[in-house]
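Numbering (the numbering used here), first residue to last: 909 to 1070.
Even glycine gets a Cβ: it sits at the ideal position worked out from N, Cα and C.
Report on the structure given below.
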Amino acid sequence: MPRIGAPITLGRFDGSSFNDEFFALAKKAAQKSPFRVFRLGAIIVDRKGRLISSGCCGGEHANSHFKYFYFKRFPGKSMHAEMDAIGKIPSENVLSALRSRPMLDLLRNARIYVYRLTEANAPGNSRPCKDICWPILKKLELRDAVYIYKIDGEPYIAREYF
């Protein structure tokens, strides 16, 4: 079980209240990833349930300022799906994420959905990474992350609060 200190809720992969249209959109974003093994997709939904942004692992669609600071801060790393989604938000304030400053009200209390497709097109563990994504998402004051977590090979939907 992932442990960061925040409460986690697990639900069945099929029939969960979090296995809805937003998870389908995150899966669609994962299918756009150029990678074969780690194909992750992420979407960010505001507190009213409106789609803010989406991104994929290896995606190069983030704005050029965000990409510059991302690759400067994390040299040798590919663009993570969560960061690609954040980098697509049309605002200079997005750069504050990489400078570890508080973010726009737009992302405060938003939810991020992260979906991973394995090489066999099956769902895989998709928790945001603890080194890059989790600290930035927490700093941006998102409310929670909804992702796939496997226990004994069975996928579950996990909802973890920041």
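Nonlocal neighbours in the same chain, by C-beta distance under 8 Å from residue i, ignoring five residues either side
i: E1027; result: R944, V945
i: I1065; result: L918, G919, R920, F921, S924, F926, N927, F931, V1054, Y1055, I1056, Y1057
i: V1022; result: A934, L948, G949, A950, A989, E990, S1034, R1035, P1036, A1053, V1054, Y1055, I1056
Proximity winner among the options, relative to residue i (alpha-carbon distances)
i: R955; options: R1051, F921, R1024; result: R1051
i: G949; options: K936, I960, A970; result: K936
i: R1024; options: H969, Q939, S972; result: Q939
i: L959; options: N1029, E929, Y1069; result: E929
i: N971; options: I994, I1020, E1068; result: I994
i: I1040; options: F979, G967, H969; result: F979
Cα-Cα separation between residue i and residue j, rounded to whole angstroms
i: G957; j: K975; result: 27 Å
i: V953; j: A1018; result: 6 Å
i: R992; j: P1063; result: It should be pointed out that residue 992 corresponds to Asp in this sequence rather than to Arg. Cα to Cα, the separation comes out at about 25 Å.
i: R888; j: S1034; result: Because the chain is modelled from 909 through 1070, residue 888 falls outside the range shown and cannot be assessed.
i: R1067; j: P983; result: 30 Å
Residue i classed as buried or exposed, judged by whether at least 16 other C-beta atoms fall within 10 angstroms
i: S941; result: buried
i: P1031; result: buried
i: P1036; result: buried
i: I997; result: buried
Contacting residues, own chain, Cβ-Cβ under 6 Å from residue i (five flanking each side not counted)
i: L933; result: I951
i: M909; result: Confidence at M909 is low in this model, with a pLDDT of 49, below 50, so the placement of that residue should be treated as unreliable; the coordinate-derived value is given next. For M909, where only same-chain residues beyond five positions count, there are no Cβ hits under 6 Å.
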